[in-house]
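Here the structure comes first, spelled out in structure tokens, and everything after it is commentary.
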């Protein structure tokens with residue numbers, strides 16, 4: 247299952263980490279492939295930063311995160327967390343032109359060489375931007391579902407529409423949209439308030455796909471990401487925690503078997 251976004255900064259990786267943890271809480275065997283090779287962050291979010299990947303008898307052994315969630319990420323191969331990923335072109339000055347092809351080949355090898363074992367769900371956290379889905383679609387296995395993450399702003403909605411249109415052109419199976427930061431919990435009165443104007447929210451009629459979840463903003467989320475503990479584990483009863491659990495339940499129900507996926 248691929249997790250995509252039309253633009254950066256909408257919380258796609260945060261949604262991926264918490265969806266993985268929530269699915270594991272429901273008893274599923276879950277793996278995560280951090281496909282953002284140039285800006286990997288899943289190792290920190292799942293609390294396995296600094297653990298080097300090891301080579302086993304069946305291939306590269308993924309790192310084990312909360313509840314046994316398996317993770318393969320480029321930042322588990324780098325010498326230190328601040329090390330950049332450098333793609334060497336065959337000729338000077340052509341690195342940008344070659345980068346896409348090299349990234350796609352590297353991702354295909356990363357996916358194939360990892361000893362995932364038996365999984366119920368493999369979540370692939372793609373880089374932001376609709377063009378990345380186009381460039382990487384050919385090297386990824388046939389996805390049982392694609393989830394688009396956005397925020398309730400008109401700019402973000404425009405970019406996610408492009409991602410959805412591209413996914414349809416590629417015959418990808420669209421599971422639905424997750425609206426992140428749809429609201430926030432007022433610390434004074436405890437009421438749920440919208441962060442953006444009501445008309446900026448995700449419109450199912452416009453996108454043509456179901457809205458799988460509306461995730462409220464939670465100030466505890468940033469701390470959980472930095473500490474490597476998914477919010478759904480640390481604060482399951484919070485509005486955002488309940489929203490992530492609801493998302494996992496809906497995803498699990500729709501993809502309980504390959505043939506049932508849309």
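Numbering (the numbering used here), first residue to last: 247 to 508. C-beta: ideal position from N, C-alpha, C; glycine also. Bear in mind that the values here come from a model prediction, so they are computed numbers and not experimental data.
Strand pairing of residue i, partner residues [DSSP]
i: residue 439; result: 430
i: residue 477; result: According to DSSP, which records beta bridges pairwise, residue 477 is partnered with nothing at all.
i: residue 405; result: Looking at the DSSP assignment, residue 405 forms no beta bridge with any residue, so it has no partner.
i: residue 395; result: 251, 424
i: residue 369; result: 278
i: residue 264; result: Residue 264 pairs with nothing; no bridge assigned.
i: residue 356; result: DSSP, once it has assigned bridges, lists no residue as partnering residue 356.
i: residue 460; result: 425
i: residue 319; result: 280
Cβ neighbour criterion (16 or more within 10 Å) applied to residue i
i: residue 258; result: buried
i: residue 273; result: exposed
i: residue 252; result: buried
i: residue 466; result: exposed
i: residue 298; result: exposed
i: residue 284; result: exposed
i: residue 493; result: buried
i: residue 363; result: exposed
i: residue 311; result: buried
i: residue 395; result: buried
i: residue 486; result: buried
i: residue 464; result: buried
i: residue 293; result: buried
i: residue 303; result: exposed
i: residue 403; result: buried
i: residue 391; result: buried
i: residue 250; result: buried
i: residue 263; result: buried
Inter-residue spacing [alpha-carbon to alpha-carbon] between residue i and residue j
i: residue 446; j: residue 495; result: Per-residue confidence for residue 446 stands at a pLDDT of 47, beneath the threshold of 50, marking its modelled position as unreliable; no derived number is given.
i: residue 255; j: residue 365; result: 29 Å
i: residue 497; j: residue 265; result: 9 Å
i: residue 360; j: residue 270; result: 20 Å
i: residue 459; j: residue 489; result: 6 Å
i: residue 289; j: residue 322; result: 7 Å
i: residue 219; j: residue 462; result: Not covered by the structure: residue 219. The range shown for the chain is 247 to 508.
i: residue 422; j: residue 398; result: 15 Å
i: residue 349; j: residue 318; result: 15 Å
i: residue 320; j: residue 268; result: 23 Å
i: residue 370; j: residue 352; result: 14 Å
i: residue 316; j: residue 309; result: 6 Å
i: residue 375; j: residue 434; result: 37 Å
i: residue 393; j: residue 470; result: 23 Å
i: residue 248; j: residue 372; result: 7 Å
i: residue 306; j: residue 389; result: 22 Å
i: residue 261; j: residue 468; result: 12 Å
i: residue 501; j: residue 313; result: 20 Å
i: residue 425; j: residue 457; result: 7 Å
i: residue 275; j: residue 484; result: 24 Å
i: residue 474; j: residue 287; result: 10 Å
i: residue 407; j: residue 300; result: 40 Å
i: residue 368; j: residue 454; result: 25 Å
i: residue 491; j: residue 324; result: 33 Å
i: residue 295; j: residue 354; result: 22 Å
i: residue 400; j: residue 410; result: 15 Å
i: residue 357; j: residue 439; result: 41 Å
is_contact[residue i, chain C] using C-beta, thresh 9 Å
i: residue 396; result: Note that chain C does not occur in the displayed structure, where there is just one protein chain.
Cβ contact (3+ pairs, closer than 8 Å) linking the segment 400-418 and the segment 473-487: no
Residue ranges of each beta strand (DSSP E) within the segment 275-317, 3 or longer: 276-280, 300-302, 305-307
Validate contact between the segment 427-434 and the segment 275-283 using beta carbons, cut 8 Å, 3 pairs: no
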